[in-house]
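Respectively, the protein sequence lines represent chains A and B.
If you count the first sequence from 1, you need to add 286 to reach the working numbering.
If you count the second sequence from 1, you need to add 286 to reach the working numbering.
Notes follow once the structure below has been shown.
2 protein chains.
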Amino acid sequence: MTYTAPITEQTFVLETVAGIGEIQQLPAYESATPDLVQAILVEAGKLASGVFAPLNRKGDTEGAKWNDGAVTLPAGFADAYRQYVEGGWGSLGADPVYGGQGMPFVLASAVQEQLTSANMAFSLCMMLTQGAIEALGAHASEDQKQEYLTKLISGEWTGTMNLTEPQAGSDVGALRSRAEPHADGSYRITGQKIFITWGEHDVADNIIHLVLARLPDAPGGTKGISLFIVPKILPDGSRNDLRCVSIEHKLGIHASPTCTMSYGDEGNCIGYLVGAENAGMRAMFTMMNHARINVGMQGVSVAERAYQHALAFSKERVQVKRIIEHPDVRRMLMTMKSTTEAIRALGYLNAAAVDRAHGESDTEAKREWQALADLLTPVTKGYATDMGVEMSSLAVQVFGGMGFIEETGAAQHLRDSRIAPIYEGTNGIQALDLVNRKLPQGRWKPLFADIRETIRALPGDGDLGAIKPYLDDGLAALENATVWLVGNHGDGFDDAAAGATPYLRMFGIVAGGWLLAKQALAASERLAAGEGDPAFLKAKIVTARFFAEQIVPQGTALLGPITRGGALLFALDEAQFAA
Amino acid sequence: MTYTAPITEQTFVLETVAGIGEIQQLPAYESATPDLVQAILVEAGKLASGVFAPLNRKGDTEGAKWNDGAVTLPAGFADAYRQYVEGGWGSLGADPVYGGQGMPFVLASAVQEQLTSANMAFSLCMMLTQGAIEALGAHASEDQKQEYLTKLISGEWTGTMNLTEPQAGSDVGALRSRAEPHADGSYRITGQKIFITWGEHDVADNIIHLVLARLPDAPGGTKGISLFIVPKILPDGSRNDLRCVSIEHKLGIHASPTCTMSYGDEGNCIGYLVGAENAGMRAMFTMMNHARINVGMQGVSVAERAYQHALAFSKERVQVKRIIEHPDVRRMLMTMKSTTEAIRALGYLNAAAVDRAHGESDTEAKREWQALADLLTPVTKGYATDMGVEMSSLAVQVFGGMGFIEETGAAQHLRDSRIAPIYEGTNGIQALDLVNRKLPQGRWKPLFADIRETIRALPGDGDLGAIKPYLDDGLAALENATVWLVGNHGDGFDDAAAGATPYLRMFGIVAGGWLLAKQALAASERLAAGEGDPAFLKAKIVTARFFAEQIVPQGTALLGPITRGGALLFALDEAQFAA
Chain A
287 MTYTAPITEQ
297 TFVLETVAGI
307 GEIQQLPAYE
317 SATPDLVQAI
327 LVEAGKLASG
337 VFAPLNRKGD
347 TEGAKWNDGA
357 VTLPAGFADA
367 YRQYVEGGWG
377 SLGADPVYGG
387 QGMPFVLASA
397 VQEQLTSANM
407 AFSLCMMLTQ
417 GAIEALGAHA
427 SEDQKQEYLT
437 KLISGEWTGT
447 MNLTEPQAGS
457 DVGALRSRAE
467 PHADGSYRIT
477 GQKIFITWGE
487 HDVADNIIHL
497 VLARLPDAPG
507 GTKGISLFIV
517 PKILPDGSRN
527 DLRCVSIEHK
537 LGIHASPTCT
547 MSYGDEGNCI
557 GYLVGAENAG
567 MRAMFTMMNH
577 ARINVGMQGV
587 SVAERAYQHA
597 LAFSKERVQV
607 KRIIEHPDVR
617 RMLMTMKSTT
627 EAIRALGYLN
637 AAAVDRAHGE
647 SDTEAKREWQ
657 ALADLLTPVT
667 KGYATDMGVE
677 MSSLAVQVFG
687 GMGFIEETGA
697 AQHLRDSRIA
707 PIYEGTNGIQ
717 ALDLVNRKLP
727 QGRWKPLFAD
737 IRETIRALPG
747 DGDLGAIKPY
757 LDDGLAALEN
767 ATVWLVGNHG
777 DGFDDAAAGA
787 TPYLRMFGIV
797 AGGWLLAKQA
807 LAASERLAAG
817 EGDPAFLKAK
827 IVTARFFAEQ
837 IVPQGTALLG
847 PITRGGALLF
857 ALDEAQFAA
Chain B
287 MTYTAPITEQ
297 TFVLETVAGI
307 GEIQQLPAYE
317 SATPDLVQAI
327 LVEAGKLASG
337 VFAPLNRKGD
347 TEGAKWNDGA
357 VTLPAGFADA
367 YRQYVEGGWG
377 SLGADPVYGG
387 QGMPFVLASA
397 VQEQLTSANM
407 AFSLCMMLTQ
417 GAIEALGAHA
427 SEDQKQEYLT
437 KLISGEWTGT
447 MNLTEPQAGS
457 DVGALRSRAE
467 PHADGSYRIT
477 GQKIFITWGE
487 HDVADNIIHL
497 VLARLPDAPG
507 GTKGISLFIV
517 PKILPDGSRN
527 DLRCVSIEHK
537 LGIHASPTCT
547 MSYGDEGNCI
557 GYLVGAENAG
567 MRAMFTMMNH
577 ARINVGMQGV
587 SVAERAYQHA
597 LAFSKERVQV
607 KRIIEHPDVR
617 RMLMTMKSTT
627 EAIRALGYLN
637 AAAVDRAHGE
647 SDTEAKREWQ
657 ALADLLTPVT
667 KGYATDMGVE
677 MSSLAVQVFG
687 GMGFIEETGA
697 AQHLRDSRIA
707 PIYEGTNGIQ
717 ALDLVNRKLP
727 QGRWKPLFAD
737 IRETIRALPG
747 DGDLGAIKPY
757 LDDGLAALEN
767 ATVWLVGNHG
777 DGFDDAAAGA
787 TPYLRMFGIV
797 AGGWLLAKQA
807 LAASERLAAG
817 EGDPAFLKAK
827 IVTARFFAEQ
837 IVPQGTALLG
847 PITRGGALLF
857 ALDEAQFAA
């Protein structure tokens, strides 16, 4: 099963949703000319379909292998990684001062989307490295940047994020790993970390572990956590005292080694403090925020791949007639197509807001864009990853009995996608972040005004007009739900928390419907102007209408469930849950 | 991870939804006294938790193994099957004339629910045998019944259903297997069948394959198909000319061998015609109708097992506090609990309708019950199996990162459950069956009147009163959607077909909400009368309210999507689906 990068679609979303044209006007991104953007998408698309995609099933069936501390990837992965490094793909969005190309994050996200569609398990190696680049870029000393950041940006070395411990999952404050100061200014790290993605492997020469640990006498909880650089190979070329103890046997992403890492078994694991003592959580949040957008984009990537796979099958498979001619299969394809396009637009808008926050010169504009990025991040992460699972499950359904047979590869998408709603903060945690931390910042008000503007711009009839009442109802419900949640946050944490998950879903659906409507309006203008590919542009309008009619009402209907409060959730005592 | 049969719940649903008391009054089921019913549930529950459940993970990790035509199950399966046979569990619902116990189908379904919760892959062996029992019971000659039916009922032999061929999946009429008459009255079968569940194994002495094939000069399509008994071991003790060519490597149910069967490679595969020539489809439908209810019950079983698993984890796992104390986890648990109870009630009502159709003496009553059974069958199959997948995915989410690790077993439920919306007619086919075949029969009218009756019986306040407006809205939407579909069936197949899948979902949700409300009313009456366990009965009321408030509105909201028509689904040409 091949993968084709959806370059027309990606370009259109970059232009009409992400405002790549405006981003290109910012001094920081002047070099990102339209021609260069296009060339990057095309070349990355070749790497994705030509090199990464052919390894996807092999990665699934063979998987990463652990042997006495070493982890081996299937044949072909190291070479594919070499091509990624040689193409300079890892440096795309990074700081030119340290060897990066300084391209917008949204463009890097579009490239990452392609690579992840092609091979999700493999792309995690790059994603974690990007997280390390961000954390070091924001918090490391100049010396550390010269030593480590440059090699991470070039891709010669890869990075990891070491947060979880056996007793501390979502509750980071409970972590126990320790760091003792050493006379030479370094630290000695001890502790065990679990679920470390690409914690050990054979595709690059060195691995830079970013490890959260506690200094002696550090305060308890999250206020006593510091961040350390812990390289696999030390600057003097010797092996550090750290070890991959085992890798997990997982439902999916088999080619992504999920490692249990042990630091300092022999009391000699050397680490270097990043930033101030006890300031590790802030650094980790820097890393996590972009990681959450990236994980959201994984939902887009898997949904796209599963959709392409199911579409190809539906054109070939005959049951009386080719199954793409059956209304019910058509409904599944339209659901996948429209939902994938909705979450792509959401992810790109989110990433573009990060670029604007970074690149705008006006302080107020920076703050507004940053607030939008912050507001959208839990929605992108939560809604897009949920849709990644639902759409890949729908793809299995299109395949029918063949979808349950592993050889077709349809089931792999479902298995791979299932991790994304869990890691980088479960979607339940995203929903709480949205309701408890993001809504009080108030950035939803101008966002909803933008949505209202798009609704006003829709004409009264035709396909575009058909979108109007559904989006209008959806926005009204979203506004009501938001006001209720903001109002009830003070007098009842459980009431807001109880509605958080359906609220995130409603937010994602309405925002997705809005961004499709925006694209439909833009498509309509281009059609009127005689620009672009009419078949593609007309499809944009039909797709937006389908989503408005079929999907948006499901979001609108969540107003009741969101605002019922938390009392009923706690009406049963624990014993009553069993029958 | 252990499984505990939910006997209090099962008994309550049998009494308040399935009308087991009324079924016990029918002459055919006189022996099914309340004490016996209770004893059967308790004893089957022991077999399920003590014998079947401990093999579930082993069955998943080791799986069925193929070697040169022979298929071996993991150690323990053959012994577990022996215990099943010795306990007489296979004969529970079968005709006493041929060694059965003549218990109601709904009771056999409750037992099957337990065994499937404990070990879905294994339970398929029993389920397929039940299908063969039904087909032979309805269509075989007396000699055939004595020879084969008795052994299938005792469980000494197992049965299979051979329908699918490589080129003929949902389109049964395209099958090509052939049957040539032989001088001795038997037939010589040739052909290849795929996806044959438990087509070869080592847990019983003989396997009776029921094979669909074409006689020479038979008409094309489904009208030229005949049904044959094709035993693995012939009556004279010799091996028949049939062979398991391979087994599939599947997403789940690894302990259920999915076989490619080859018949007559050496031109000497002996088969015996069942019923009339060219009447095979009718016999197959007999088998399939109950099989569809049974598959629907698999959704119940997996949802129950996944729920129990997630519940146990939520009470142990600490993230700041035990995760069952977090509102969002509580929401997931309530969603799983209420949905599982809703689909169980739907499945039991469906099975009870089969019993009433069989056991009532009045012709009109028989017809009414049969029509109800027919109407509900696609809803049970489609809605309950979709929920099986969604609830087991939710269980993975409760487990967080641990849910993605295969060792916890949470992922197995999701993998196992994913086949149920596909086999025995995909859920898309169920939706078309509901809309195109079942709605025109009109049985929905008295059913909806029953739902209206329950709504009227709900008081105006309290937890029961809170249910009322939601169920009322849901029923109104269901009525509207039904009238629209029935009205649009004539003038536009695509319009009805386009709305079929969301319609089935709405039907399932409203029917589920109704049956939970019915139980809540019954619970309220028992509480008032001082009967039963108050904790259990109060939980019933809370659970019904949760489902009404949180889930039913999602069904109501589908009225729009159902009635938008098929035009938009075909607005894109095929090339426009790709971007």
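Here a beta-carbon is modelled for each residue, glycine too, at the ideal position from N, C-alpha and C.
Review point. How should K754 of chain B be labelled, buried or exposed, when 16 other C-beta atoms within 10 angstroms of its C-beta is the threshold for buried?
Key: buried
Point to revise | Per-residue DSSP class, three states only, for C411 of chain A | key: helix
Check your understanding: Quick one, are the C-beta atoms of D749 of chain B and G852 of chain B less than 9 Å apart?
Key -> no
Check your understanding: Any idea which residues DSSP pairs S600 of chain B with across the strands?
Key -> Paired residues: none, contrary to the question.
Check your understanding: DSSP on P340 of chain B, reduced to helix/strand/coil?
Key -> helix
Exercise for review: Please state whether DSSP places N636 of chain B in a helix, a strand or coil.
Suggested key: helix
Check your understanding: Which whole-angstrom value describes the C-beta separation of T663 of chain A and L632 of chain A, a residue pair presumed to lie in contact below a C-beta threshold of 8 Å?
Key -> Not really, about 10 Å apart at Cβ, beyond 8 Å.
Practice item. Please specify which runs of the beta strand (DSSP E), each continuous and at least 3 residues long, are wholly inside the region 429-466 of chain A, giving them in chain order. Key: 443-448
Review point. If you run the structure through DSSP and keep just helix, strand and coil, what is H425 of chain B?
Key: helix
**Study point:** Whole-number beta carbon distance between L435 of chain B and G423 of chain B, since they are thought to touch under 8 Å
**Key:** 6 Å
Point to revise | Partner residues on chain A for M620 of chain B, Cβ-Cβ distance less than 7 Å | key: L855
Review point. With burial defined as no fewer than 16 other Cβ atoms inside 10 Å of the residue's Cβ, what is the status of E650 of chain B: buried or exposed?
Key: exposed
Check your understanding: Cβ of G485 of chain B within 9 Å of Cβ of G550 of chain B?
Key -> no
Practice item. Show which residues of chain B have a CB atom less than 9 Å away from the CB atom of E926 of chain A. Key: Within the shown structure, residues of chain A are numbered from 287 to 865, placing residue 926 of chain A beyond reach of any answer.
**Study point:** Cβ of A396 of chain B within 9 Å of any chain A Cβ
**Key:** no
Practice item. Report all residues from its chain with a CB closer than 6 Å to the CB of C545 of chain A; omit the five preceding and five following residues, and keep chain order. Key: I482, G485, E486, C530 and I533
Exercise for review: Give me the Cα-Cα distance between I494 of chain B and A330 of chain B, rounded to the nearest whole angstrom.
Suggested key: 25 Å
Practice item. Assign V303 of chain B to one of three DSSP states: helix, strand, or coil. Key: coil
Practice item. Anything in chain A within Cβ reach of P613 of chain B, meaning under 7 Å, just list it in chain order. Key: D780, A783, A784, G852 and L855
Point to revise | Residues near M673 of chain A in its chain [Cβ-Cβ closer than 7 Å; skip 5 each side] | key: G585, A589, T625 and I629
Point to revise | Endpoints, alpha helix (DSSP H) assigned at S377 of chain A | key: Premise fails: S377 of chain A is in no alpha helix (DSSP H) and is neither H nor E.
Check your understanding: Going along chain A, which residues have a C-beta under 7 Å from T446 of chain B?
Key -> What T446 of chain B touches in chain A: nothing, since even the nearest Cβ is about 16 Å away.
Point to revise | Secondary structure of Y549 of chain A, DSSP reduced to three states | key: strand
Check your understanding: Can you name the residues that DSSP bridges to G852 of chain A?
Key -> The partner list for G852 of chain A (beta bridge, DSSP) is empty, contrary to what the question assumes.
**Study point:** Selection of the region 592-611 of chain A by Cβ proximity to chain B, strictly under 7 Å
**Key:** L597, K601, Q605, V606 and I610
Practice item. Could you check how far apart the C-beta atoms of T849 of chain A and A767 of chain A are, in whole angstroms? I think they sit under 8 Å. Key: 6 Å
Check your understanding: Does the count of Cβ pairs from the region 693-707 of chain A and the region 333-352 of chain A closer than 8 Å reach three?
Key -> yes
Review point. Per DSSP, which one or two residues make a beta bridge with K536 of chain B?
Key: A:I691
Review point. Is the shortest distance between the beta-carbon of E860 of chain A and the beta-carbons of chain B less than 9 Å?
Key: yes
Review point. Do A569 of chain B and L461 of chain B have their CB atoms nearer than 9 Å?
Key: no
Review point. Relative to the C-alpha of R642 of chain A, which residue among A:A304, A:H535, A:I439 and A:A454 is closest?
Key: A:A304
Practice item. Give the DSSP-derived three-state secondary structure of L520 of chain B in the structure shown. Key: coil
**Study point:** Proximity of V560 of chain A and H425 of chain A at Cβ, strictly below 9 Å
**Key:** yes
Review point. What does K623 of chain A reach in chain E if we use C-beta pairs closer than 7 Å?
Key: The question asks about chain E, but that chain is absent: this structure's protein chains are A and B.
Check your understanding: By the criterion of Cβ-Cβ separation under 9 Å, what are the contact partners of G846 of chain A in chain B?
Key -> Y756, E835, Q836 and P839
Point to revise | Residues of the region 322-344 of chain B whose Cβ lies closer than 9 Å to any Cβ of chain A, in chain order | key: none
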